[in-house]
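See structure below.
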Amino acid sequence: MFLSERMRQSPRPAVWRWLGVIALVPLAFLAATRAEPIEARVGPFWGALYEAACVLLVLCGLALRAGLAGCHSLAGDQLDPSGFYSVTRNPGYLANSLVLVGITLYTQDVLLAVACALWLAVYYERTILAEEARLFRRFGMVFVGWATLTPVFLPRLTGWRPPAAPFSLRAMLRREPLIWLAATAALATIALLSNRYGGEPTDEVGPLVLFAAAIVGAGVSLIGRQAGFLDDPHP
Numbered sequence: 010m011f012l013s014e015r016m017r018q019s020p021r022p023a024v025w026r027w028l029g030v031i032a033l034v035p036l037a038f039l040a041a042t043r044a045e046p047i048e049a050r051v052g053p054f055w056g057a058l059y060e061a062a063c064v065l066l067v068l069c070g071l072a073l074r075a076g077l078a079g080c081h082s083l084a085g086d087q088l089d090p091s092g093f094y095s096v097t098r099n100p101g102y103l104a105n106s107l108v109l110v111g112i113t114l115y116t117q118d119v120l121l122a123v124a125c126a127l128w129l130a131v132y133y134e135r136t137i138l139a140e141e142a143r144l145f146r147r148f149g150m151v152f153v154g155w156a157t158l159t160p161v162f163l164p165r166l167t168g169w170r171p172p173a174a175p176f177s178l179r180a181m182l183r184r185e186p187l188i189w190l191a192a193t194a195a196l197a198t199i200a201l202l203s204n205r206y207g208g209e210p211t212d213e214v215g216p217l218v219l220f221a222a223a224i225v226g227a228g229v230s231l232i233g234r235q236a237g238f239l240d241d242p243h244p
């Protein structure tokens, strides 16, 4: 449903996004240096399934970000209700939440994951109010019609509309590889710290493989931007 008149009065606290993420980093790594409580309770098999589910959550968030980067323009001069924006008004924030909550859950510190989710809820609630106030002032009843039919955060399961623009691999490679690198580096570091301080052999190769792939992607992106072959042919 359309957000109420409260959204007209909310400033955008952009600084808190970065402060919150920076604060989570040492807490996540500190949690990773302790024994794995979930695996200790349920056993290695279910512990491995839990960790795989956390990695899958992160990958879902990264895949959603990649789809957004490849199908939707960053320009804010028009309202695009197609593609991912046809099922949720904030697919980018949903993707970021999946990545961050997945990483904190991977530490097996449930309290840390809950704290992360609560912080995201508070920050994104205020940010969405401010952003939708601007959209309402700019697009008026067009925005109201779209917002009335489209959930603010959790996606609906029906009503998908294909993106107005085809997927652009160039745009995706320009915008996303550094995010892949940061997310997979966090997973790999947590895995290494957990095994190092938990007294177990380093057998979680999945995050390390993902990290290696992200390094390749970041390298392709950097070289491509320097060489110009990732430039938009239709700016």
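If you use my numbering, the sequence shown corresponds to residues 10 to 244, in order.
C-beta: ideal position from N, C-alpha, C; glycine also.
Keep in mind it's a predicted model, so treat the numbers as computed, not measured.
Would you identify the three-state DSSP class for residue i, choosing helix, strand or coil?
| i | result |
| --- | --- |
| G92 | strand |
| F176 | coil |
| P186 | helix |
| P160 | coil |
| S82 | coil |
| N204 | helix |
| R165 | coil |
| T116 | coil |
| G154 | helix |
| H87 | Before going on, a small fix: residue 87 reads as Gln here, not His. Looking at Q87 - three-state DSSP - the assignment turns out to be coil, as it is neither helix nor strand. |
| N105 | helix |
| R74 | helix |
| R50 | helix |
| R98 | coil |
| T42 | coil |
| G149 | coil |
Who are residue i's beta bridge partners in DSSP?
| i | result |
| --- | --- |
| R170 | G92 |
Got a sec? Which residues, its chain only, sit under 7 Å from residue i by beta carbon, not counting five neighbours each side?
| i | result |
| --- | --- |
| F152 | L88, L144 and F145 |
| A75 | M181 and E185 |
| G56 | E45, I47 and E48 |
| V161 | L12, R98, N99 and I137 |
| S203 | A41 and E45 |
Count the other CB atoms, across all protein chains shown, that sit within 10 Å of the CB of residue i; report buried if there are 16 or more and exposed otherwise.
| i | result |
| --- | --- |
| M150 | exposed |
| P175 | exposed |
| F229 | For the record, residue 229 in the displayed sequence is Val; it is not Phe. V229 should be labelled exposed. |
| Y206 | exposed |
| F220 | buried |
| A156 | buried |
| L39 | exposed |
| T167 | exposed |
Figure out for me which residue from the options has the closest Cα to the Cα of residue i.
| i | options | result |
| --- | --- | --- |
| L36 | Q235, Y115 and A62 | Y115 |
| L121 | L33, A221 and N105 | L33 |
| L127 | S106, S230, A200 and S91 | S106 |
| G79 | A192, L58 and G92 | G92 |
| V225 | T198, V108 and W189 | W189 |
| L187 | A200, N204, L201 and A227 | A227 |
| L178 | A142, V119 and L77 | L77 |
| A222 | L68, F38, V51 and R43 | L68 |
| A236 | A61, R183 and V218 | R183 |
| R170 | S95, E141, I232 and C125 | S95 |
| L73 | P164, V218 and G168 | P164 |
| Y102 | E140, Q117, V119 and D118 | E140 |
Using a Cβ-Cβ cutoff of less than 6 Å, which residues in the same chain neighbour residue i once the five nearest sequence positions on both sides are dropped?
| i | result |
| --- | --- |
| A195 | I112 |
| C63 | G111, L114 and Y115 |
| P216 | L196, A197 and A200 |
| P172 | C80, S91 and G92 |
| E60 | none |
| L231 | none |
| L66 | L107 and G111 |
| L129 | S106 |
Residues in the same chain with beta-carbon distance under 8 Å from residue i, minus the five sequence neighbours each way, listed in chain order, please.
| i | result |
| --- | --- |
| L71 | A104, V108, E185, I188, W189 and A192 |
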